[in-house]
Amino acid sequence: MLSFFRKYQKFFFLFTTVIIVCSFAFFGTYQAFAPSKRVEDPTAFQARGGREVRRSYLAQMSKFLSLESSSRGGGANFLNDGVISKDFLETGMAYRLVSEPTKQELESRLQKEKNFRPYIHPSAPLLSAKQIWSLFAPDISDNLSHLQSFDSATSKEAFDARAALFLAELRFPAQMLTQVLRYQENEYPNIPRDFRLLRDNLALFGYRDLTDWFGTAFIEDLSKFIIQTAAVARERGYQVTQDEVIADLLYRSEKTFQSVKDQLRSPVANGYEFYQQYLRQMGFDEKNVVKIWEDVLLFRRLFDDVGSAAMVDTLVMSKYGAFANEYATIELYELPQELRFKTIDELKQFECYLQGVAPSRNNPLALPEAIDPVELVEKRAPHLVGENFTLQVAKVTKQSLHAQVSLKETWEWELLEENWPKIEGHFPEIASEKAQTRDARFALLEKQDERARNRVDQFAREQIADGHPEWIESALAAEKGEEKKLFLRTLQEKSPLEGIDDLAALRTKLESEEKLLSYSQDGKTFYNIAVKERPGQKEVISFVDALKESAISTADFDCSELIQAIYVDGQAQGLIKESIAADKLEEEMVPYRFAYHLRNERDKEGLFQPRKKMETLTRAENTLVSLDELDRSEAFSSIEVSQKEGAYFYRFVESKIDRSIPMDKVIQTQDLLSKEAKLYFMDEILKLIDSNNA
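Written out as structure tokens, the structure reads:
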């Protein structure tokens, strides 16, 4: 067989050569003479000035603008510094370009967005996207909830919520969220790893670029608007040379190249090569990119000039500043915080305290200048008289000693024959069965349910601890203790020390002994008490301390006469101008309690004198006294009453006006006016476009 092919191989080679030559000759000439198919690139629209914008150019511009330098996932476009984000979404100009096709696209996305649930770790629900957002980007959660609350995506409010959410995620992107989640996951080694954090995209709704967020139609309409605005700019004499455009693009490329050159895998020598490589990778035509950026720069220059033309009138701001920045200084006289009553019960406690410590008064509105002697007060109200002790107190509870008893020691105690009668006497359910041997006792205890067994163990620990009183002494000796100031009253229901109910017995010991060691009244709580300072004599408790210790009872107090007196006095002085219903009279009169006292007795020496403090009044803050109603005379003002702060009066000291204009306020006002001017000018551009299309 091989000899046959070897014999006629020349004929086979000749035949194969002829076939190949004929094939190349036929198909080569066929392609030359066959009619060529022309690639269609139709006109997308005609801009002002007659410029025909091709579909391919509009598509490239839409793609170029949809990818920004801050984009993630879909590929960042470092040549685009955020035209849509900064120039349209942040300024509020974007919604004016929302067309019917855009509304349809947004509606088609809304249901998916409403059903979206942020990431939650499957094994640790507290480790979630919402928890991270609350720490680093709380506006994401707020804007997400706001967007999901809409039933339609086409309203301006819904669009603004979408834009705010998009901008919030730009500031704290999904990659950063993933990094924080993985870091926190690693902080807890007992939590199983969630491998979704390594592969899944945690971006909101899974969106990667502006097209995902706002739709193809929106990006295309926005591109058309930029092209039309650039045409208007050219009509008005604005120019951007090709060299300027290329220089701006290469500057952005070089800046990005310097920041990422150490991470590049392919050999790139400089920013220009980086720029060329990026255009090839993204499928951008350089000629089109230069033209796109030229349109963007013209659009920006025109709108920036419009925005900067909005001037701030400093004269108006100066007048406004003179009004807003006026401030006055006053001497404010008001009662201490503890006398600014909010409820009728607080007022009753005060009146009951006065009945106990002061002589009777003919006028219920008057306040005593001094309290009665201690001996007289003790006879009338012994619960308001007591002695002050300064003590060094160390405390140990028997419960805390039970932890020293090991489980082995507990079980050993339970199984001893001499201890078993104690267990039987305390637990009848165990005594019902006989357990004569150690093994029988062990088996009987093991039969008990967990709750019953725990009770037996607890009883055993208590018995063991009771057999070691030296443990209490050692524990108290190890305690450093703390200094306490105790006011022990003649009649006192509430004890300041846990487990001490007989305060009279405690006071007797403190008066006669320097130290109390392992002192206890209930057998559960033990104290080492060292007396550092004893009282020289009995004292009357202050109203503030009496409130803290709940030492005042108001059960039998009738305040109707006092309330009526406050009401009549308030009406007579013009403080109360309207009638008040009887069922609301008590609570309404509480803040007016001291109006009479401040008006008639403020110059007298006494227990309840107002406190003076310097107060600065401004229009920016909600102060007790309003600048507009301020009495600027040198005399004391009339008595005023605030529902929150009670009665007060003041004296005017001085007022000043700061006429300077803060630069940050000027800049803020300039920004607001600039945005308004741009929005107004945008409407004018849209009218020009509509007239051009008509």
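The opening residue of the sequence shown carries number 4 in my numbering; numbering runs sequentially from there. A virtual CB, placed ideally from N, CA and C, is assigned to each residue, including glycine.
| Asked | Found |
| --- | --- |
| Would you be able to state if there are at least three C-beta pairs under 8 Å between the stretch 569 to 587 and the stretch 375 to 392? | no |
| If we call anything under 8 Å between Cβ atoms a contact, is residue 493 one with residue 400? | no |
| Evaluate contact between the stretch 643 to 650 and the stretch 597 to 606, counting only Cβ atoms and requiring at least three cross-stretch pairs below 8 Å. | yes |
| Residue 630 by DSSP, collapsed to three states: which one? | coil |
| By the DSSP assignment, the alpha helix (DSSP H) with residue 80 in it spans what residues? | No alpha helix (DSSP H) contains residue 80, which DSSP labels as neither H nor E. |
| Where in the stretch 327 to 364 do unbroken runs of the beta strand (DSSP E), each at least 3 residues long, occur, reported from the N-terminal end onward? | 329 to 337 |
| Would you report the Cα separation of residue 250 and residue 116, rounded to the nearest angstrom? | 41 Å |
| According to the Cβ coordinates, are residue 459 and residue 447 closer than 8 Å? | no |
| In the DSSP assignment, find the alpha helix (DSSP H) that holds residue 254 and state where it starts and stops. | 245 to 263 |
| Determine the closest residue to residue 342 out of 133, 549, 85, with distance taken between C-alpha atoms. | 549 |
| Run the CB neighbour count on residue 36, radius 10 Å, all protein chains shown included, and call it buried at 16 or more, exposed below. | With a pLDDT of 47 at residue 36, under the threshold of 50, the modelled position of that residue is not reliable, and no figure is offered here. |
| Is there contact here, the stretch 630 to 650 with the stretch 329 to 341, by at least three beta-carbon pairs under 8 Å? | yes |
| Can you confirm whether the stretch 531 to 540 touches the stretch 426 to 436 when touching is taken to mean that 3 or more C-beta pairs between the two stretches lie within less than 8 Å? | no |
| Counting pairs of beta carbons, one from the stretch 159 to 174 and one from the stretch 141 to 150, are three or more of them closer than 8 Å? | yes |
| For residue 353 and residue 588, what's the separation of their Cα atoms in angstroms? | 18 Å |
| Skipping 5 residues on each side, what residues in its chain have a beta carbon closer than 8 Å to that of residue 1? | The chain is shown only over 4 to 697; residue 1 falls outside these bounds and no answer can be derived. |
| Where in the stretch 104 to 159 do unbroken runs of the beta strand (DSSP E), each at least 3 residues long, occur, reported from the N-terminal end onward? | none |
| With 16 as the cutoff for other CB atoms within 10 Å, does residue 660 come out buried or exposed? | exposed |
| Would the stretch 390 to 408 count as touching the stretch 620 to 627 if we require 3 or more Cβ pairs under 8 Å? | no |
| May I have the straight-line CA-CA distance separating residue 33 from residue 55, to the nearest angstrom? | With a pLDDT of only 47 at residue 33, under the threshold of 50, the placement of this residue in the model should not be trusted; the figure read from the coordinates follows. Those two C-alpha atoms are separated by around 36 Å. |
| Mind checking residue 165: buried by the 16 CB within 10 Å criterion, or exposed? | buried |
| Between which residues of its own chain and residue 427 is the CB-CB distance below 7 Å, once the five residues before and five after are set aside? | 433, 434 |
| Note down, in chain order, each residue of its chain lying with its Cβ closer than 8 Å to the Cβ of residue 95, except the 5 sequence neighbours on either side. | 163, 678, 682 |
| Using DSSP bridges, identify the partner residues of residue 2. | Residue 2 falls outside the range modelled here, since the chain spans only 4 to 697, and no answer is possible. |
| Identify which residue in 405, 484, 441 has its Cα closest to the Cα of residue 472. | 405 |
| Would residue 598 and residue 644 qualify as a contact pair, given that the criterion is a beta-carbon distance under 8 Å? | yes |
| Between which two residues does the alpha helix (DSSP H) carrying residue 580 extend? | Counting along the chain, residue 580 falls outside any alpha helix (DSSP H), and DSSP gives it neither H nor E. |
| Counting only runs of 4+ residues fully inside the stretch 382 to 468, write out the alpha helix (DSSP H) ranges in chain order. | 401 to 404, 410 to 418, 423 to 429, 431 to 434, 441 to 450 |
| Is it buried or exposed, residue 119, if we count other Cβ atoms within 10 angstroms and call 16 or more buried? | exposed |
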